[in-house]
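Written below as structure tokens is the structure these notes are about.
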Amino acid sequence: MTAPAPLIDRFARRISYLRLSVTDRCDLRCAYCMPERMEFLPRADVLSLEELHRLALAFIARGVTKLRLTGGEPLVRRDMIDLVRALGRELGSGLEELTLTTNGTRLAAFAEDLAAAGVRRINVSLDTRDRDTFARLARRDALPQVLDGIAAAKAARLKVKLNTVALKGVNEDELPDLITWAHGQGHEITLIEVMPLGEIEQDRFAQYLPLDAVRRDLAQRWTLSPSDARSGGPARYVDIAETGGRLGFITPLTGNFCEGCNRVRVTATGQLFMCLGGEGKVDLRAALRSDDPDAALAQAFARAMGEKPERHAFAIDRAGAAPALARHMSMTGG
Ligand code: SAM
Ligand code: SF4
């Protein structure tokens, strides 16, 4: 049998990075991400552990070298660690990096297991270190668990990168402290602009804090030197002389980052989204559940590569409350 064709799109971008969502469920309700009364998918719609595994192997066979598990909150899925163990066995034979993005609430229980399975780096979302702000923003009083989780990850020698959504009037005054703390702990930290994804029962523009302004403020306080570091993704980095650490900026709304895009996303129901900022998708679950999954997957991948858009089309609509895209970030996992 010939090897499956590598994933290369119309613009000659080679897809080497998959973000695979293992659940749409979450134990938090971050105000920018989902409404309090979020409706989750029926379990039967979500891919089984075997299907997730099979799908991940199909991507690895086509040249995906980096796999990020995400959600919803990946660690709320009960059999998640089994998937991590199974995928950990692919490390060194095609797969180069297995990682995950988590809100950290259950990290204390899983950090050792993740490290033992071959995970070396994880992203933890942390928007604030103030307990009240956290409880208001995430609508759950879970900051102590998250901080325990981050400490457990460090103890398990996982490299932690913190992701912080910069939010006007919520954490904007705290950002310098958060960065100082992260760097003091030896963690990288990346700031993210809020993106117009999904209905959230709030005015998204009220939360929007442009990162070019944040960067200007930080540059008054610290010496920022642009860094050549690239993660293959949209983040751009600076080194901060005073804290001795690296700070990333992800600016989907004020910057453009599509030319070098090497990634695709799969939801927990097996929908392959070619772009975080687009509606285009291909149904891999139907392919997996068809009579001839190998052939159907090959066809689905070919279609996806023909349809991956050149660039995203986000815009925060100042006038209206309607999100640019109907789906929530918790579907595609960011
Ligand atoms: N639950 C996990 C977590 O919070 O890390 C993984 C999934 S979450 C959807 C992934 C990332 O997306 C988090 O860092 C979160 O802050 C970010 N996110 C969610 N909604 C967002 C939005 N509307 N704009 C920007 N980032 C968002
Ligand atoms: Fe849950 Fe992550 Fe969304 Fe927060 S950002 S509600 S932790 S999925």
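237 is the number of the first residue of the sequence shown in my numbering; add one for each residue after it. Using N, Cα and C, we set each Cβ at its ideal position, and we do this for glycine too. On a predicted model such as this, the values are computed, not experimentally measured, just so you know.
For Cys266, the shortest separation between its Cβ and any heavy atom of ligand 1 lies below 7 Å.
Judged by DSSP in its simplified three-state form, Lys544 adopts coil rather than helix or strand.
Three or more pairs of CB atoms, one per stretch, sit closer than 8 Å, so the region 392 to 406 contacts the region 357 to 375. Looking at the DSSP output, Asn359 bridges to Thr337, Lys397. With a threshold of 7 Å, the Cβ atom of Met274 does not count as near ligand 1, since no heavy atom of the ligand is closer than that.
With fewer than 16 other Cβ atoms inside 10 Å of its own Cβ, Ala465 counts as exposed. Residue burial annotation: Phe247 is exposed, with fewer than 16 other C-beta atoms found within 10 angstroms of its C-beta. Sequence-distant partners of Thr338 (beyond 5 residues in either direction) whose C-beta falls short of 7 Å from its own C-beta, in its chain, are Glu309, Pro310, Leu311, Ile358, Val360. Judged by their CB atoms, Gly385 and Leu343 are nearer to each other than the 8 Å cut-off. Met316 has its Cβ no nearer than 7 Å to any heavy atom of ligand 1. Contact annotation, Met567 with Pro545: C-beta distance approximately 18 Å; criterion of less than 8 Å not satisfied. Just so you know, the alpha carbons of Arg313 and Arg321 end up roughly 14 Å apart.
In the structure shown, Val502 falls within a strand segment according to DSSP collapsed to helix, strand and coil.
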